Each structure stands twice: as C-alpha cells, then as structure tokens.
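Numbering (the working numbering), first residue to last: 26 to 147.
In this text, a Cβ means the ideal position worked out from N, Cα and C, and glycines have one as well.
As the structure is a prediction and not an experimental result, all values here were calculated from the model.
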C-alpha cells in the first residue's frame with residue numbers, strides 16, 4: 026500500500042469518525058434542549074396551578090408541589106447527565122474535525138511534493 030493510499034484510507038476513517046461525532050453531538054444537544062423544555066413546562070404548569078387554585082384545593086396543591094419538586098430534581102439530574110454527554114460529544118467532534126483537517130493538510134503537502142517530483146522528471 027502506497028503512502029497516498031494509506032493517507033486516503035486514514036482520511037476516509039477520519040471523515041466517518043467526524044460524521045459520527047457530529048451526529049452524536051446533534052443528538053445530545055437535542056436531548057439537552059428537550060430536557061430543558063420539560064423542566065420549563067413543569068415550572069410553568071406549577072405556577073398556573075398555584076395561581077388558579079381554590080382555597081379548598083390547597084391540600085391537593087401542596088401534594089402536587091411536593092411531587093413537582095421531586096420530579097424537578099430528577100429532571101435536573103437528567104439535564105446534568107445530558108449536558109455531560111453533550112460536552113463529551115463536543116470534545117469528540119472538535120478532535121475529529123482537527124484530525125480531518127490535519128490529514129487534509131498532509132494530503133495537500135504530499136500532493137504538492139508529488140507534483141514537484143513529476144515536474145522535475147519532465
């Protein structure tokens with residue numbers, strides 16, 4: 026296998042890894058955004074329920090508030106995990122993009138050297 030073939034193979038592998046990392050990043054970002062939306066909706070629903078409650082509903086509303094607090098804690102935990110996953114995906118994507126760019130620079134350098142060698146032969 027020639028140097029050029031090895032480089033082409035490495036570039037193909039790097040491009041696949043880059044694309045996979047970018048897809049993982051998109052998925053993780055959507056999940057993080059979705060969890061933030063759920064958290065905001067939970068808070069908004071709680072506020073509406075508190076504002077519209079009748080005095081006879083206060084005991085039920087208190088139980089609901091306790092439930093939403095517990096749910097909010099679980100959602101915030103999910104959000105923290107999703108944020109970590111998204112950050113890991115971001116780092117992988119940056120690394121994959123850097124590797125792809127480095128291989129492209131090597132390819133350009135080898136191409137220039139090959140052209141120069143061919144020009145000297147002619």
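DSSP-derived helix/strand/coil call for residue 62: Residue 62 sits at position 37 when you count from the first residue of the chain shown. The answer is helix: DSSP assigns residue 62 an H, G or I state.
Where the alpha helix (DSSP H) containing residue 82 begins and where it ends: Walking along the chain shown from the start, residue 82 turns up at place 57. No alpha helix (DSSP H) contains residue 82, which DSSP labels as neither H nor E.
Spatial neighbours of residue 97 in its chain, beta-carbon cut-off 8 Å, leaving aside the 5 residues before and after: In the chain shown, the residue the question calls residue 97 occupies position 72. Excluding residues within five positions, the ones whose Cβ falls inside 8 Å are 64, 67 and 68.
Secondary structure of residue 77, DSSP reduced to three states: Along the chain shown, one-based indexing puts residue 77 at 52. The answer is helix: DSSP assigns residue 77 an H, G or I state.
Beta-carbon spacing of residue 135, residue 32 below 8 Å: Counted from its first residue, the chain shown places residue 135 at position 110. Counted from its first residue, the chain shown places residue 32 at position 7. Taking 8 Å as the Cβ cut-off, residue 135 and residue 32 qualify as a contacting pair.
Proximal residues to residue 122 (C-beta, below 7 Å), its chain only, five neighbours per side dropped: Locating residue 122 in the chain shown gives position 97, where the first residue counts as 1. Once the five neighbours on either side are set aside, the close Cβ partners of residue 122 are 43.
CB contact flag (residue 46, residue 114, <8 Å): Sequence index remark: in the chain shown, residue 46 carries index 21 (1-based). Sequence index remark: in the chain shown, residue 114 carries index 89 (1-based). Closer than 8 Å, so yes.
DSSP-derived helix/strand/coil call for residue 27: Residue numbering aside, residue 27 sits at position 2 when the chain shown is read from its first letter. The answer is coil: DSSP assigns residue 27 none of H, G, I, E or B.
Beta-carbon contacts of residue 90 that lie in its chain and below 7 Å, excluding the five residues immediately before and after: Working through the chain shown from its first residue, we reach residue 90 at position 65. If we look at residue 90 and ignore the five residues flanking it on each side, its Cβ neighbours are 71.
8 Å Cβ cutoff met for residue 127 and residue 53: Residue mapping note: residue 127 aligns to position 102 of the chain shown, counting from 1. Residue mapping note: residue 53 aligns to position 28 of the chain shown, counting from 1. Contact flag unset, no.
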